[in-house]
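For reference, the structure is listed below as structure tokens.
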Amino acid sequence: MKVSVQWLSEWVTSSLPTAALGERLTMAGLEVDSIEPVAPALTGITVARIVESSAHPQADRLTVCRVEIGGDAIAEVVCGAPNARSGLLVAYAAPGTALPDGRVIEHAVIRNVASAGMLCSAAELALGDDADGLMELADDAPVGTPIDEYLQLADEVIDIELTPNRGDCLSVVGVAREVAALTDVPMRDVVIPEVSAAIDDAFPVA
């Protein structure tokens, strides 16, 4: 059973650090197999907007993008992604930024055009397998915001090896009840809105 610490905190707030909470759960019979961050460190990577995208004058498969990176700052970035287009909100790695694979982004000149930074795919950020295009962000993503803050990546996942007799912990609320009991803190009343049926079809259950 994998539990997000952020999600767990919606139900119960514990003052224990995650490692100490994992030890407390293990000693109570919910063996914690691992505690892992949900994403690698993405320092220096921010939300940016492609203001203008035009064909590279010396390369058919490259585009030159003018990118709004926060405030009044504009960066020019050469990009090879097929989905680079005006108006798109993307993840921007500024020069000097280290990507999860260890590469450090630098100022570059690509086919006689200066490029300040890099627009990133999900694979380059270790947030997915898609390496064929830029990771597209929602239209309301705030330009200049750190990408880990926007995507709420400051989270950890607790992986619990449940025994067959603890089916009550096969849910976030079940683990939250256990945490509340072990740390002597109250559970929150989380209001979950009812989802109305969109169709009239009904099937009998025997």
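Start counting the sequence shown at 10; every next residue gets the next number (the working numbering). Backbone N, C-alpha and C define an ideal beta-carbon position, used for all residues, glycine too.
Helix, strand or coil, according to DSSP, for residue i in the structure here?
i	result
Ile59	strand
Leu34	helix
Cys178	helix
Gly183	helix
Thr192	helix
Val21	coil
Asp69	strand
Asp157	helix
Val152	coil
Ala64	strand
Val231	Coverage of the chain is limited to positions 10 through 215, which leaves residue 231 absent and any answer about it impossible.
Ala28	helix
Val87	strand
Val199	coil
Val47	coil
Val14	helix
Ile208	coil
Could you give the distance in angstroms between the alpha-carbon of residue i and the alpha-carbon of residue j?
i	j	result
Val73	Asn92	12 Å
Leu171	Glu203	30 Å
Phe212	Gly183	29 Å
Ser69	Ala84	Looking at the sequence shown, residue 69 is not Ser but Asp. Roughly 21 Å between the two C-alpha positions.
Val200	Leu179	20 Å
Glu207	Leu136	According to the sequence displayed, residue 207 carries Ala and not Glu. Spanning the two alpha carbons is a distance of roughly 33 Å.
Arg33	Arg94	50 Å
Asp198	Ile78	40 Å
Ser130	Asp138	9 Å
Pro173	Thr35	15 Å
Glu45	Met196	25 Å
Asp209	Tyr159	38 Å
Leu25	Ala150	32 Å
Residue j and residue i - do their beta-carbons sit closer together than 7 Å?
i	j	result
Glu165	Val12	no
Val99	Ala57	yes
Thr106	Gly53	yes
Asp168	Ser43	yes
Leu146	Ala37	no
Thr55	Gly176	no
Leu30	Ala185	no
Gly126	Pro104	yes
Under the assumption that residue i contacts residue j (Cβ atoms under 8 Å), give the Cβ distance between them as a whole number of angstroms.
i	j	result
Trp20	Val181	7 Å
Leu71	Val87	6 Å
Leu162	Val60	Rounded, the Cβ-Cβ distance is 26 Å, inconsistent with contact.
Ala102	Leu108	7 Å
Is it buried or exposed, residue i, if we count other Cβ atoms within 10 angstroms and call 16 or more buried?
i	result
Val188	buried
Asp157	buried
Met144	buried
Glu133	buried
Ala64	exposed
Ser124	buried
Val76	buried
Ala90	buried
Val41	buried
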